[in-house]
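Q:
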Amino acid sequence: MREDGVQTRAKIRDAAHTEFAAHGLAGARVDRIAKAAGANVQRIYAYHPDKLGLFRACVLDAVAALDRAVGDPTDVVTLAGRMFDHVGRDGHTLRILTWARLELEDDLPELIASSGTDPLRHVRALADAGRIDPRWAPEDVLAVLIGFCEAWNTISARPATTPAAAARRRDLVLHLATQLTPDTAPGVAAVAVSRPRGGGTPPRG
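Here our numbering is used: the first residue of the sequence shown is 81, the next is one more, and so on.
#1: What three-state label does DSSP hand Thr-98 in the structure shown?
#2: Among Asp-147, Tyr-125, Pro-243, Gly-107, whose alpha-carbon lies nearest the alpha-carbon of Leu-200?
#3: Assuming Leu-225 and Ala-257 are in contact, meaning their beta carbons sit under 8 Å apart, how far apart are those beta carbons, in whole angstroms?
#4: Can the beta-carbon of Ala-145 be found closer than 8 Å to that of Thr-173?
#5: I'd like the list of long-range same chain contacts for Phe-100, defined as Cβ closer than 7 Å, with 5 residues on each side in sequence excluded.
#6: Considering Glu-190, what are the terminal residues of the alpha helix (DSSP H) in which it resides?
#7: Using 8 Å as the threshold, is the segment 247-254 in touch with the segment 151-168, meaning 3 or more CB pairs across them?
#8: How long is the line joining the alpha carbons of Gly-118 and Ala-126, rounded to whole angstroms?
#9: Just how far apart, CA to CA, sit Ala-207 and Pro-214?
Given below as structure tokens:
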């Protein structure tokens, strides 16, 4: 593919992420995506068979981005912190996945499984290592963590306008995540207010 074609495709995908995050599959409009990308509708359909195909591609992008963001966590609290940080950098990821759960329904697990990049594998690894309370299924733990991190995007809450406010919310998510760990898990308390990935100490206010 020529360089200009690669750039156009990337612009289309970026515009589609924004559109689908805001409106979901049913509410998204291909003409708005084309306008935002500086392309025409025909170019979009040259890369994707239809709007559903474009949505599915964006869902897989979101899954891959979340999978990269969480890395290989040593415990569920670290996982929660990395997920929260990722949502702070890219709120589109979890919004698109929320729409996907609503609109793709039973097709979503198969779609994610086909991608080879599933954040659930990290939760399962922690469960297998005894780092998660065995009462909780890995699928439920991941759903709860996503809910924690997405909470301020799904209710009429004020945005975190200062680093201190964001840090308090992060600490709250980490505290809630400790409730998913077994009492015997070593080191959990020490990471309850762990630093964001990349270094630095969260400010407090």
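For each residue, glycine too, the CB sits at the ideal point set by N, CA and C.
Quick caveat, the model's predicted, so the values are computed rather than measured.
A: From the atom records:
#1: helix
#2: The shortest C-alpha separation from Leu-200 is found at Asp-147.
#3: 7 Å
#4: Result yes, Cβ atoms of Ala-145 and Thr-173 sit closer than 8 Å.
#5: Ala-108, Phe-135, Cys-138, Ile-176, Trp-179
#6: 187-195
#7: These segments touch.
#8: 15 Å
#9: 7 Å
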